[in-house]
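See structure below.
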């Protein structure tokens, strides 16, 4: 016995026609939300991705000091900088000063070792006039150029891609050998803040669960008139908080 196939008025199988109509409905629904999706991607997702990229990518030193990047790549950590290293450093400082990039390189180093931005800018202004031996000449400009810690930091920031900012957020840093160690005790502030924040979050969540479930059960079993009144009382603190924040912004912007 032949299977009965339902067809449309124009002779097409009904299942095929329904599939086509469903695809069109899905496409129409997607096109309707496309503007909202594009708005979210442009104004919300894209900035977050850019911030995430900047948190691990900073090429200001590596682009301004390519010679030093090469020297660090060919010499293992712990190598004492010799005259050749200082010659490369002076050459990079000279080129970076001409390209007006020396301040950016110094600022990148300054993130890890405060007070070094002015060191780079001062050396950049004098680099073109320095003569061999460059090690003695550069140290004469500022003795900090002979500090092993400074060279360790320059090695650290010579990589454009780095997790240094995330390490700093966890009160960690690289030592002179490149190993990850904790910062000085007086500088450890972020981990305590994280623990305090998560602790308060857990406490508030627990309080909300203890208070929220009984109220939700009460709202579910009360008559509609009483449950609506109780819902207003529940929402009132949220609306009050929103009103206070809105008023604060208005006052702040008007000032």
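Numbering (the numbering used here), first residue to last: -4 to 250.
Built from N, CA and C at the ideal position, the CB exists for glycine as well.
Small disclaimer: the values here were computed from a predicted structure and weren't measured.
Can you give the Cα-Cα distance for residue 18 and residue 7, rounded to whole angstroms?
16 Å
Exposed or buried, residue 232, counting other C-beta atoms within 10 Å across all chains shown (16 or more means buried)?
exposed
Opposing strand residues paired with residue 52 [DSSP bridges]:
156
Just how far apart, CA to CA, sit residue 46 and residue 189?
20 Å
Kindly indicate which three-state DSSP category residue -4 falls into: helix, strand or coil?
With a pLDDT of only 47 at residue -4, under the threshold of 50, the placement of this residue in the model should not be trusted, and no figure is reported.
Examine the ligand FAD and report whether any of its heavy atoms sits within less than 6 Å of the Cβ of residue 186.
Although the ligand FAD was asked about, the structure shown includes no ligands whatsoever.
Considering only C-alpha positions, which residue in the set 243, 93, 112 is nearest to residue 102?
112
If you reduce the DSSP assignment to three classes, tell me which class residue 169 lands in.
strand
Close beta carbons around residue -4, own chain, < 7 Å, minus the five adjacent residues each side
With a pLDDT of only 47 at residue -4, under 50, the local geometry of the prediction cannot be trusted, and no value is derived from it.
Skipping 5 residues on each side, what residues in its chain have a beta carbon closer than 7 Å to that of residue 214?
222, 225, 226
7 Å Cβ cutoff met for residue 118 and residue 88
yes
Going by other Cβ atoms of all chains shown within 10 Å of its Cβ, with 16 needed for buried, is residue 52 buried or exposed?
exposed
What span of residues does the alpha helix (DSSP H) with residue 35 cover, start to end?
9 to 35
Endpoints, alpha helix (DSSP H) assigned at residue 83:
78 to 93
Per-residue DSSP class, three states only, for residue 239
helix
Please report the distance separating the alpha-carbon of residue 85 from that of residue 246.
53 Å
For the beta strand (DSSP E) containing residue 177, list its first residue and its last residue.
175 to 177
Per the contact definition of three or more C-beta pairs closer than 8 Å, is the stretch 33 to 48 in contact with the stretch 67 to 80?
no
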